[in-house]
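Protein chains in written order, with the numbering used here: chain A, 2 to 328; chain B, 2 to 328.
Glycine included, every Cβ here is placed at the ideal spot set by N, Cα and C.
Have a look at the structure below before the remarks.
Protein chains: 2
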Amino acid sequence: MPPVWLMRQAGRYLPEYRATREKAGSFLDLCYNPALAEEVTLQPIRRYGFDAAILFSDILVVPHGLGQKVWFEEGIGPLLDPITTEAGLAQLRPGLQRKRLEPVYETVSRLSHSLPAETALIGFAGAPWTVATYMVGGRSTADQAATRAWAYRDPAGFQKLIDILVEGTIDHLLAQIEAGAEAVQIFDTWAGALPEQEFARWVIEPTRKIVAALRASFPRVPVIGFPRNAGPRYPDYVEATSVDAVGLDTSMPCGWAREALGGKVTLQGNLDPLALVAGGEALRGAASAILDTMAGVPFIFNLGHGIVPQTPPEHITELVTLVREKR
Amino acid sequence: MPPVWLMRQAGRYLPEYRATREKAGSFLDLCYNPALAEEVTLQPIRRYGFDAAILFSDILVVPHGLGQKVWFEEGIGPLLDPITTEAGLAQLRPGLQRKRLEPVYETVSRLSHSLPAETALIGFAGAPWTVATYMVGGRSTADQAATRAWAYRDPAGFQKLIDILVEGTIDHLLAQIEAGAEAVQIFDTWAGALPEQEFARWVIEPTRKIVAALRASFPRVPVIGFPRNAGPRYPDYVEATSVDAVGLDTSMPCGWAREALGGKVTLQGNLDPLALVAGGEALRGAASAILDTMAGVPFIFNLGHGIVPQTPPEHITELVTLVREKR
């Protein structure tokens, strides 16, 4: 009986989200407005009755809380004052300013009261590597070239940025758990591009430290890792970080993941968001294949990547019905 | 003793390439100018003495040879009149117009005479899936959303486009072999994003047909497949397509690839192009690790993706020396 929730379930594909978003001002204004962020987090729960709600926020609140300038440009996305050398780290504060992020924790606290008892509340953060690619690149980058170049050119300097992010991320996730988050997910969207040694150093090791710190304070709060496009390195990641659950991206064959990881860790994923756009037979076939393969191991039904804006909301109704009928 | 060549070894990082490129006019003009395309193919051979030359051309000459409008915009890249439905296929000719692509085959023919005897001449084509993402999206797209959406919405219609591309690609590669190519590489840059079923249908099956057709006519010409970011699906790809060699992308751990595929097929790859930008210890460490892991199995040293424009040419001299000293 897999629970079901979907990455980016609160988002532009929902008319009620677009209406709230218009009221908020900028995207960051929405993230920092507890009443409206609570509202958009609840919208998909009301509509679909998902088993989990994920806090509406953004991975870039951590660099923002560390003192970097972050803003969102309509039609472009996030922009940051890039930090590309060790000297550039001077523009950051010594640690996460929890005060700046207080509205995020207030949103979590509100949700912990307003959500139905049977709905889990998931907090989240970006993984240090992925957040670093934005801090260094100054925006979303296709190949993370500037960040990978710095990490090769000056690994000791880049390590300092990663260490700052490890500490900041621990602090940010602890604050969410203290405010009522019942589980947390660590999104490492850009983990896949790194070669083996760099994957170990910039993806696995920082995540291991974060999981260890969270577990020391909150041993029963599950941590979900999402090392997107890690491919054959998923088992290493799971073993070394000791996450409780792992998100599989769309490219991961479920049979391979089940054989390598089934029963050792809860698996989560991995429907193609484009199958959800298509609907009909494509959606039913793809969702059924995942459910059939994962039957009998601890599993959470989800997408392999976030919902895209052109998704017809009624396709999600159909998907949730299908997942629940399969139980 | 691994041979060495590098993907996109003829390109903008070389001052002599930039000089020739200026003479040619547009990028497509360069692809269709046999004297200049020959010259840029030879430039990295002169400079570095690579063991193989790869024809200077582009994967979009196939849609162009099928009658689609293709042009290159400076600073943007390739643009095409998108084909997004089965009805749109009417704008294509029934088969590849070899005549339109004659300059490409003439370049191959010239190279087969001008290259040193010890330098292998590699021809190439894009794989049908990857070429389709450009034909449908009208340009390079980050997530290939339009193409994946069509493939889900109307798999039978999309299959027709893939079938046209399979035939066109076979024809294009046969023409290159007839003109003197001694091996061919099939680039499936966007293979990674597809889920399991779609990977089997749109990546493996078309490639299998192409390899079978080439082998029927030229059983001794090796075919190198490059299903970029295929992750744990590399072994399925190799077995089902029966390619002679397979290019590993940067994300593939060499140890895993060696264990799964070493000795069954020649492995090729997979240095991070960004390590080549960095040079120094990062480059030496990464290249040595690959050479050590691949020692003793059939292996071609290469990158995991193409050379990037900001690569200092002298780093490649250093790399080639290192690979040759390791022999």
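If we cut at 7 Å on Cβ distances, does S141 (chain A) have a partner in chain B? Locating residue 141 (chain A) in the first sequence gives position 140, counting from the first residue. Not flagged as an interface residue toward chain B: S141 (chain A), since no C-beta distance is shorter than 7 Å.
Give the secondary structure of T142 (chain B) by DSSP, where H, G and I count as helix, E and B as strand, and everything else as coil. As a position in the second sequence, residue 142 (chain B) is number 141, starting the count at 1. Of the three classes helix, strand and coil, the one that applies to T142 (chain B) here is coil, per DSSP.
First through last residue of the beta strand (DSSP E) which encompasses F51 (chain A): Taking the first residue of the first sequence as position 1, residue 51 (chain A) is located at position 50. It is not in any beta strand (DSSP E) - F51 (chain A) carries neither H nor E in the DSSP assignment.
Taking a Cβ distance cut-off of 8 Å, strictly less, list which residues of the region 9-39 of chain A are near chain B, in chain order. So the list is empty, because no residue satisfies the distance condition.
Hey, does S289 (chain B) have any beta-carbon neighbour from chain A nearer than 7 Å? For this step, residue 289 (chain B) is matched to residue 288 along the second sequence. No, because no Cβ of chain A sits closer than 7 Å to the Cβ of S289 (chain B).
Would the C-beta of A157 (chain B) count as close to the ligand SAM, meaning under 6 Å from any of its heavy atoms? Looking at this structure, you won't find the ligand SAM or any other ligand, since it has none at all.
Going by the DSSP bridge assignment, what does G304 (chain A) pair with across the sheet? To locate residue 304 (chain A), count along the first sequence from 1; it is residue 303. Residue identity check: residue 304 (chain A) is Leu in the sequence provided, not Gly. Within the DSSP bridge table, the entry for L304 (chain A) names A:L272 as partners.
Proximal chain B residues relative to W191 (chain A), where beta-carbon distance stays under 9 Å: Reading the first sequence from its first residue, position 190 is the one you call residue 191 (chain A). Within chain B, no residue comes near W191 (chain A); the closest Cβ sits about 11 Å away, beyond 9 Å.
Could you tell me the distance, in whole angstroms, from the CA atom of A147 (chain A) to the CA atom of F51 (chain A)? The residue you call residue 147 (chain A) lines up with position 146 of the first sequence. The residue you call residue 51 (chain A) lines up with position 50 of the first sequence. Answer to the nearest angstrom: the Cα atoms are 38 Å apart.
Less than 8 Å between C-beta atoms, sequence neighbours within five positions excluded: which residues of the same chain meet that for I84 (chain A)? Numbered from 1 along the first sequence, position 83 holds the residue referred to as residue 84 (chain A). Taken in chain order, the residues that qualify are Q69, L90, Q92, L93, M136, V137, L162.
Using a Cβ-Cβ distance cut-off of 7 Å, determine whether V278 (chain B) contacts chain A. As a first step, residue 278 (chain B) must be located in the second sequence, where it is residue number 277. Answer yes: the Cβ-Cβ gap between V278 (chain B) and chain A drops below 7 Å somewhere.
Using a Cβ cut-off of 7 Å (strictly closer), state whether T251 (chain A) contacts chain B. For the purposes of this step, residue 251 (chain A) is taken as residue 250 along the first sequence, with counting starting at 1. Residue contact check for T251 (chain A) against chain B: a CB pair falls below 7 Å.
Beta-carbon gap between E326 (chain A) and P254 (chain B) smaller than 7 Å: Counting from 1 along the first sequence, the entry for residue 326 (chain A) is found at position 325. Counting from 1 along the second sequence, the entry for residue 254 (chain B) is found at position 253. Taking 7 Å as the Cβ cut-off, E326 (chain A) and P254 (chain B) do not qualify as a contacting pair.
Under DSSP, the beta strand (DSSP E) around W203 (chain B) begins and ends at which residues? For the purposes of this step, residue 203 (chain B) is identified with residue 202 of the second sequence, where counting begins at 1. Segment: none, W203 (chain B) is in no beta strand (DSSP E) and carries neither H nor E.
Does the beta-carbon distance from P299 (chain B) to T267 (chain B) come in below 7 Å? Residue 299 (chain B) sits at position 298 when you count from the first residue of the second sequence. Residue 267 (chain B) sits at position 266 when you count from the first residue of the second sequence. In terms of Cβ geometry, P299 (chain B) and T267 (chain B) form a close pair [threshold 7 Å].
Whole-Å CB distance - L81 (chain B) paired with G139 (chain B), under 8 Å assumed: For this step, residue 81 (chain B) is matched to residue 80 along the second sequence. For this step, residue 139 (chain B) is matched to residue 138 along the second sequence. Their Cβ separation, rounded to whole angstroms, is 5 Å, which keeps L81 (chain B) and G139 (chain B) in contact under 8 Å.
Pairing CB atoms from the region 180-190 of chain B with CB atoms from the region 220-233 of chain B, are three or more of them under 8 Å? The region 180-190 of chain B, when compared against the region 220-233 of chain B, does touch it at the 8 Å Cβ threshold.
Consult DSSP for G158 (chain A) and reduce its assignment to one of helix, strand or coil. Here residue 158 (chain A) is taken as the residue at index 157 of the first sequence, counted from 1. In this structure, G158 (chain A) counts as helix in the three-state DSSP scheme.
C-alpha distance - G193 (chain A) paired with E206 (chain A), whole-angstrom precision: Position 192 of the first sequence, counting from 1, holds the residue named residue 193 (chain A). Position 205 of the first sequence, counting from 1, holds the residue named residue 206 (chain A). Answer to the nearest angstrom: the Cα atoms are 15 Å apart.
Nearest CA to the CA of L235 (chain A): which residue from A:P4, A:G12, A:L262, A:L277? As a position in the first sequence, residue 235 (chain A) is number 234, starting the count at 1. In the sequence under discussion, the amino acid at residue 235 (chain A) is Tyr, which differs from the Leu named in the question. Comparing Cα positions, the closest option is A:L262.
Under 7 Å between C-beta atoms, does R259 (chain B) make it to chain A? As a first step, residue 259 (chain B) is located in the second sequence; it is residue number 258 there, counting from the start. Using a CB distance cut-off of 7 Å, R259 (chain B) does not count as an interface residue toward chain A.
Quick check: what's the CA-CA separation for T364 (chain B) versus N230 (chain B)? The displayed coordinates of chain B run from 2 to 328. Any statement about residue 364 (chain B) would go beyond what the structure contains.
With distances taken Cα to Cα, identify the nearest neighbour of D59 (chain A) among A:A152, A:R202, A:Y33, A:P95. The residue you call residue 59 (chain A) lines up with position 58 of the first sequence. It is A:Y33.
Which residues mark the beginning and the end of the alpha helix (DSSP H) in which W257 (chain A) is found? For this step, residue 257 (chain A) is matched to residue 256 along the first sequence. For W257 (chain A), the uninterrupted alpha helix (DSSP H) segment begins and ends at 255-262.
So, with DSSP's three-state summary, where would you put W191 (chain B)? Along the second sequence, one-based indexing puts residue 191 (chain B) at 190. Here W191 (chain B) sits in coil by DSSP.
Reduced DSSP secondary structure (H/G/I, E/B, other) of G124 (chain A): Here residue 124 (chain A) refers to the residue found at position 123 of the first sequence. Secondary structure of G124 (chain A) (DSSP, three-state): strand.
Using only alpha-carbon positions, find the residue among B:R9, B:T21, B:A213 that is nearest to I308 (chain B). Reading the second sequence from its first residue, position 307 is the one you call residue 308 (chain B). Looking at B:R9, B:T21, B:A213, the one whose alpha-carbon comes closest to that of I308 (chain B) is B:R9.
What is the C-beta distance between E87 (chain A) and A152 (chain A), in whole angstroms, given that I count them as a contact (C-beta under 8 Å)? Here the question's residue 87 (chain A) lines up with position 86 in the first sequence. Here the question's residue 152 (chain A) lines up with position 151 in the first sequence. The pair is not a contact, with the Cβ atoms about 12 Å apart (cut-off 8 Å).
With H, G and I counted as helix, E and B as strand and the rest as coil, what does DSSP make of F28 (chain A)? In the first sequence, residue 28 (chain A) corresponds to position 27, counting from 1. Annotated three-state conformation of F28 (chain A) is helix, per DSSP.
By a C-beta neighbour count over all protein chains shown, 10 Å radius and 16 as the cutoff for buried, is M295 (chain A) buried or exposed? The residue given as residue 295 (chain A) occupies position 294 in the first sequence. Buried, by the Cβ-count rule.
Between the Cα of V5 (chain A) and the Cα atoms of A:T312, A:H316, A:L304, A:S252, which residue gives the shortest distance? As a position in the first sequence, residue 5 (chain A) is number 4, starting the count at 1. Answer by Cα proximity: A:L304.
So, using beta-carbon positions, are L166 (chain B) and P220 (chain B) closer together than 7 Å? Within the second sequence, residue 166 (chain B) is the residue found at index 165, counting from 1. Within the second sequence, residue 220 (chain B) is the residue found at index 219, counting from 1. Cβ distance not < 7 Å, so L166 (chain B) and P220 (chain B) don't count as in contact.
Could you tell me whether the Cβ of G263 (chain B) comes closer than 7 Å to any Cβ of chain A? Residue numbering aside, residue 263 (chain B) sits at position 262 when the second sequence is read from its first letter. G263 (chain B) does not count as touching chain A.
Could you give the first and the last residue of the continuous beta strand (DSSP E) run that contains V71 (chain A)? Residue mapping note: residue 71 (chain A) aligns to position 70 of the first sequence, counting from 1. That run of the beta strand (DSSP E) goes 71-74.
Could you round the C-beta distance between V109 (chain A) and Q177 (chain A) to whole angstroms and report it? I think they count as a contact, below 8 Å. On the first sequence, position 108 is the one that residue 109 (chain A) refers to. On the first sequence, position 176 is the one that residue 177 (chain A) refers to. Indeed, because the Cβ distance is near 5 Å, the residues count as touching under 8 Å.
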